[in-house]
Amino acid sequence: MNKSIAVVILAAGKSTRMRSETPKVLHQICGRPMLGYVLDLSRSLKAKKIVAVLGYKHEEVRKYLTSGVISVVQKKLLGTANALKSALPALKGFKGTVLVLYGDNPLLQKETASKLLKYHMENNLDATLLTAQMEKPAGYGRILRDKYSGICGIVEEKDADDFDKDIKEINTGIICFNKDRLSEALKFVKPDNRKKEYYLTDTIKILYKSGRLVDAVKISDINEALGVNSRVDLAKANAIMQRRINEKYMKEGVSIVDPASAFIGWGAKIGKDSVIYPFTVIESDVRIGRRCFVGPFAHLRAGTCLEDDTLVGNFVEITRSRIGSKTIAKHFSYIGDTAVGRRVNIGAGTVTANFDGRKKNRTVIKDRAFIGSDTVLVAPVSVGFDAITGAGSVVIRKVSDKTTVAGVPARVLKHK
Ligand code: UD1
Ligand code: MG
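In the numbering used here, the protein residues as written are 1018 to 1433.
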């Protein structure tokens, strides 16, 4: 633990520009609320304290906080400076560096945050900004520099004149402060801007004017600077995060034929030498073993587990089910709430009818069963070891081991 670092996450804002009732920080990126990524980063820095400032629908957001994170409520959403002020009581007695993270900035990486902290602490600065050079910096605060190139303030886009708008160095929102200097500066922030808000960015001019030391570290990958304010930003962040996730799997030995069309949720597990074919959706809570083939056009939903060497092909949807090793489901199937054994053949068009209009029911298919094409398994139901269902069967009753059934409803044809 680093006793001289505290992290404050600003996450109180509404979803105004998202045009959403859901708090902005709970909007999902690769199957996970964006706040989750910021919390992970905070934890990885081993700070003495992590404080999350909540506001809009705070009870809902609080459920997503991880253990050890202190939450405070910003009563009125008066701006980012006011948000940080609400966190100060939780930092009482703390001396050192306060790192401010924004809950709508989910792509920042640990290495970058560490670099910023290191620079700030080694140079004994009062405030250190993380800035980025952007060709089209629309929407971001612009960095103002004096004639010696020293940072002297930040101007928000809404208050910027045409000259300011040409500045291509932007504020990412990530800032390190010396705690005492921050507390002092916050007292002087006034809502004298077009939005009539207390801007955290105004602390920079205040510190500069009182002769404090302000500097910046420039980010090298501008993707990390992305602040998610709109649905368009959300889609951009999702695409960048998806690329990172897919590259991680590839490094671990998973083949992804077309990474641009493999939609894999954060936290899914995929074993070595598995191959993911194009247009496949794998949700977060999915586990795939080794040497599996998935897709094209497969949808593995939450609670799916594929054991080693399984094969799931086109237009197969699986949810809350375990599929045993060496089982094959190659074409057009829905498998829900099902335990499938090993070496089972799931014929084309197989459907588990798991919902009776009120509740979900389970299906069990034992090892080596052969499910004929177009079989409907009306749950709750089970199919025994080495049993066979004929093409087009509608199975409404338990099928015993080594038994063949066929028809609508399915009847026993013969014992093997
Ligand atoms: C902010 C910065 C801008 C920077 C950009 C980077 C300010 C004034 N501006 O603008 O310079 O370029 O981020 O993405 O800081 N929040 C609260 N309480 C509030 C208001 C906001 O907790 O009263 C939180 C939001 O939940 C969000 C973060 O602070 O996580 C930033 O707020 P947002 O409204 O998105 O600021 P930007 O306009 O993006
Ligand atoms: Mg923002």
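No residue lacks a Cβ here, since even glycine has one placed at the ideal position from N, Cα and C.
| Item | Value |
| --- | --- |
| Classification of Ala1242 by the beta-carbon crowding that lies within 10 angstroms, buried from 16 upward | buried |
| Nonlocal neighbours in the same chain, by C-beta distance under 6 Å from Val1303, ignoring five residues either side | Ala1285, Leu1317 and Thr1321 |
| The region 1204-1222 / the region 1163-1174 touching (three or more Cβ pairs under 8 Å) | yes |
| Best match in Asp1057, Ala1427 and Ala1029 for proximity to Lys1102 [C-alpha to C-alpha] | Ala1029 |
| Quiz: which residues have CB nearer than 7 Å to the ligand MG non-hydrogen atoms | Tyr1119, Asp1121, Gly1190, Gly1244, Val1245 and Asn1246 |
| CB contact flag (Ile1187, Arg1159, <8 Å) | yes |
| Distance between beta carbons of Ala1064 and Asn1122, contact taken as under 8 Å | Their Cβ separation, rounded to whole angstroms, is 17 Å, which puts Asn1122 and Ala1064 out of contact at 8 Å. |
| Given 8 Å, three or more beta-carbon pairs between the region 1067-1085 and the region 1293-1311 | no |
| Spatial distance of Ile1340 from Leu1323 (CA atoms) | 5 Å |
| Residue from Leu1052, Lys1066 and Leu1124 whose Cα sits closest to the Cα of His1075 | Leu1052 |
| Segment contact, 8 Å Cβ cut-off, at least three pairs: the region 1409-1426 with the region 1382-1400 | yes |
| Proximity of Ile1022 and Leu1147 at Cβ, strictly below 8 Å | no |
| Any non-hydrogen atom of the ligand UD1 within 7 Å of Lys1153 CB | no |
| Same chain, Cβ closer than 6 Å to Gln1259, five either side skipped, listed in chain order | Cys1047 |
| Those residues which DSSP pairs with Ser1272 across a bridge | Val1292 |
| Near the ligand UD1: Thr1369 beta-carbon under 7 Å from a heavy atom | no |
| Ile1287: CB within 7 Å of a non-hydrogen atom of the ligand UD1 | no |
| Inter-residue spacing [alpha-carbon to alpha-carbon] between Leu1199 and Lys1092 | 20 Å |
| Glu1173: CB within 7 Å of a non-hydrogen atom of the ligand UD1 | yes |
| Contact test: Gly1053 Cβ vs the ligand UD1 heavy atom, cutoff 7 Å | no |
| CA-to-CA distance, Arg1248 to Tyr1225, given in whole angstroms | 36 Å |
| DSSP-derived helix/strand/coil call for Pro1050 | strand |
| Cβ-heavy atom distance, Thr1220 to the ligand UD1, below 7 Å | no |
| Of the listed residues Ser1342, Asn1378, Leu1094 and Met1267, nearest to Glu1214 (C-alpha basis) | Leu1094 |
| Inter-residue spacing [alpha-carbon to alpha-carbon] between Asn1263 and Gly1190 | 27 Å |
| Buried versus exposed, by CB contacts within 10 Å (16 or more), Arg1385 | buried |
| As assigned by DSSP and simplified to three states, the class of Asp1121 | coil |
| Residue interval of the alpha helix (DSSP H) (run including Ser988) | This structure does not reach residue 988, given that the chain is present from 1018 up to 1433, and the question cannot be answered. |
| C-alpha distance - Ala1254 paired with Phe1349, whole-angstrom precision | 32 Å |
| Tyr1216 Cβ short of 7 Å to the ligand UD1 heavy atom set | yes |
| Local Cβ density within 10 Å of Tyr1157, reported as buried at 16 or more and exposed below that | buried |
| beta-carbon Asn1195 near the ligand UD1 non-hydrogen atom, thresh 7 Å | no |
| 3 or more residues per run - each beta strand (DSSP E) lying fully within the region 1131-1172 | 1144-1150, 1159-1162 and 1168-1172 |
| Which of helix, strand or coil DSSP assigns to Gln1259 | helix |
| Nearest neighbour of Val1117, chosen from Glu1128, Asn1195 and Asp1181 [CA to CA] | Asn1195 |
| Beta-carbon spacing of Ala1098, Val1070 below 8 Å | no |
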